[in-house]
Amino acid sequence: MVKVAHKPPSRVRYEQSHPTMSCRLDKVTHDLLEQRLEDLGGVSFADFVKDSLGLLQLKMPDVKEIKATARGKGYNQARTEYRIWYLCAVCREPIYMLPNSDGHKAMIGYMKEHGWGHASCHEH
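Take a look at the structure:
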């Protein structure tokens, strides 16, 4: 015989005032719903239903803030990976230059004059 677990009276009252509701969804709809909940800032399914019924006003994520943060992260990553620089001959600190600036053009000219190239090109 299976023994029924004892529930405190507060739990019984909670379950009576908050009945469970469930539904089955196909995989595509389920994934779409999960993505929508995540896009709304990770809200719960219950809060999503309450918002749909007009019982709760969900706070929409600040799109401008999200875009600014993403742009900043992308800019910093690109700057780190693709920035043109060389070391100062005196203090050994990096000197950064903008693409197509006079300094960049001078660097290209210097490298061309002194035969800089791919290692594989110099092998032939």
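When we follow the UniProt record's numbering, the leftmost residue of the sequence shown carries the number 1, and every step to the right adds one.
Note that the Cβ used here is the ideal one computed from N, Cα and C, for glycine as well.
8 angstroms Cβ cutoff met for residue i and residue j
i: residue 56; j: residue 62; result: no
i: residue 97; j: residue 85; result: yes
Span separating the alpha-carbon of residue i from that of residue j
i: residue 44; j: residue 67; result: 24 angstroms
i: residue 59; j: residue 51; result: 10 angstroms
i: residue 9; j: residue 17; result: 12 angstroms
i: residue 92; j: residue 112; result: 24 angstroms
i: residue 27; j: residue 107; result: 56 angstroms
i: residue 6; j: residue 19; result: 18 angstroms
i: residue 74; j: residue 64; result: 15 angstroms
Cβ neighbours of residue i in the same chain (closer than 6 angstroms, five flanking residues each side left out)
i: residue 103; result: 97
i: residue 41; result: 61
Cβ distance (whole Å) where residue i is taken to contact residue j below 8 angstroms
i: residue 33; j: residue 25; result: 7 angstroms
Cβ neighbours of residue i in the same chain (closer than 8 angstroms, five flanking residues each side left out)
i: residue 83; result: 96
Beta-carbon proximity list for residue i, same chain, < 7 angstroms, skipping 5 on both sides
i: residue 99; result: 84
*Which full runs of the alpha helix (DSSP H) of 4+ residues lie inside the segment 6-85, going along the chain?*
9-17, 27-39, 45-52 and 63-82
*Which full runs of the beta strand (DSSP E) of 3+ residues lie inside the segment 84-114, going along the chain?*
84-87 and 94-97
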